[in-house]
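*Asks:* So that we are looking at the same thing, I have put the structure below in structure tokens.
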Amino acid sequence: GQQVMQIPQYQHVQEGEDFTTYCNSSTTLSNIQWYKQRPGGHPVFLIQLVKSGEVKKQKRLTFQFGEAKKNSSLHITATQTTDVGTYFCRDSGSARQLTFGSGTQLTVLP
Amino acid sequence: DSGVTQTPKHLITATGQRVTLRCSPRSGDLSVYWYQQSLDQGLQFLIQYYNGEERAKGNILERFSAQQFPDLHSELNLSSLELGDSALYFCASSVDGTGELFFGEGSRLTVL
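Sequence lines, in order, name chains A and B.
The first sequence begins at 2 in my numbering and counts up one residue at a time.
The second sequence begins at 92 in my numbering and counts up one residue at a time.
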């Protein structure tokens with residue numbers, strides 16, 4: 002079946018630089034959830050987006066849902082070493098809700 | 092603390108053996124999910140239960156089985172273990188089978 006693809010797979014940034022990860026689908030997404038997994042940790046829910054074009058912010062994190070509901074992005078402004086981890090997206094409102102995107106592994110260099 | 096409890100945290104065993112991983116969901120959550128995560132890999136969905144019934148199955152091997160008990164805790168049984176089964180096994184729960192997933196800290200299985 003159709004999968005939710007995430008890009009990039011890996012991203013290394015210098016502390017203070019911005020970071021963006023994208024979640025893309027060839028079919029319409031129902032709802033999008035984002036999770037963060039710290040190294041050695043378990044995935045932790047960050048946010049859910051439901052509406053077309055929705056934008057939500059959590060401090061330095063900005064989440065967007067595309068107008069066509071076929072993509073979503075997570076943008077981190079001025080990364081810090083605490084942002085290190087793998088970010089996963091998940092289509093949470095459809096039959097694909099059981100699977101996660103492939104994840105983007107973020108490394109922040111001090 | 093997510094409220095999801097997994098035991099054991101670590102397990103080392105030999106090829107051909109059988110192990111059981113246990114998960115207690117968050118209080119009030121009816122749905123339990125099992126995921127497998129190999130080293131630096133993504134989250135591979137294994138199976139989902141809702142209120143004691145199997146709801147969905149992913150690419151779970153025939154050597155693996157699971158169940159959810161009346162008290163809603165779940166067990167994942169892995170048999171005839173192979174080296175490639177070494178991984179982190181996560182349990183997650185949700186209230187109604189949709190919505191936010193709460194993950195346990197995982198059970199790290201090493202097969203030697």
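Just so it is clear, CB atoms sit at the ideal spot from N, CA and C, and this is done for glycine as well.
Just so we're clear, the structure is a prediction, and the values are computed from it rather than from any experiment.
Report the CB separation of B/C114 from B/S177 in whole angstroms; it is logged as a contact under 8 Å.
*Replies:* Between B/S177 and B/C114 the Cβ distance is about 19 Å, and since that is not below 8 Å, they are no contact.
*Asks:* Who are the Cβ neighbours of A/G41 in its own chain at under 8 Å, not counting the five residues just before and after it?
*Replies:* There are no such residues.
*Asks:* Going by DSSP, what residue range makes up the beta strand (DSSP E) through B/S198?
*Replies:* B/S198 -> beta strand (DSSP E) spans S198 to V202.
*Asks:* Exposed or buried, which one is A/R39 when buried takes at least 16 other CB atoms within 10 Å?
*Replies:* So A/R39 ends up on the exposed side.
*Asks:* Using DSSP with H/G/I as helix, E/B as strand and the rest coil, what is A/D84?
*Replies:* Helix at A/D84.
*Asks:* Taking the straight line between their C-alpha atoms, what separation do you get for A/T105 and A/C90?
*Replies:* C-alpha separation (whole angstroms): 9 Å.
*Asks:* Inspect the CB distances between the region 92-101 of chain B and the region 132-148 of chain B and report whether three or more fall short of 8 Å.
*Replies:* Too few Cβ pairs lie closer than 8 Å, so no.
*Asks:* So what's B/L169 in DSSP terms, helix, strand or just coil?
*Replies:* In this structure, B/L169 counts as strand in the three-state DSSP scheme.
*Asks:* Just the chain B side, please: which residues come within less than 7 Å of A/F101 by C-beta, in chain order?
*Replies:* The contacting residues are G133 and L134.
*Asks:* Between which two residues does the beta strand (DSSP E) harbouring A/L75 extend?
*Replies:* From DSSP, the beta strand (DSSP E) with A/L75 extends over N72 to I77.
*Asks:* Quick one: is A/F64 near chain B, going by C-beta distance under 8 Å?
*Replies:* False, the Cβ-Cβ gap to chain B never drops below 8 Å.
*Asks:* Establish whether the CB of B/T42 and some CB of chain A are separated by less than 8 Å.
*Replies:* Residue 42 of chain B lies beyond the residue range present for chain B, which begins at 92 and ends at 203; the question has no answer from this structure.
*Asks:* Using a Cβ-Cβ cutoff of less than 7 Å, which residues in the same chain neighbour B/G107 once the five nearest sequence positions on both sides are dropped?
*Replies:* Excluding positions up to five away in sequence, the list reads S171 and L172.
*Asks:* What are the uninterrupted segments assigned as beta strand (DSSP E) that are 3 or more residues long and contained completely in the region 137-182 of chain B, given in chain order?
*Replies:* Whole beta strand (DSSP E) segments, 3+ residues: 144-148, 155-159 and 165-169.
*Asks:* Which whole-angstrom value is the C-beta distance of A/K70 and A/L30, which I expect to be below 8 Å?
*Replies:* Between A/L30 and A/K70 the Cβ distance is about 5 Å, and since that is below 8 Å, they are a contact.
*Asks:* Which class does B/L192 belong to by DSSP, given the choice of helix, strand or coil?
*Replies:* Residue state, collapsed to three classes: coil.
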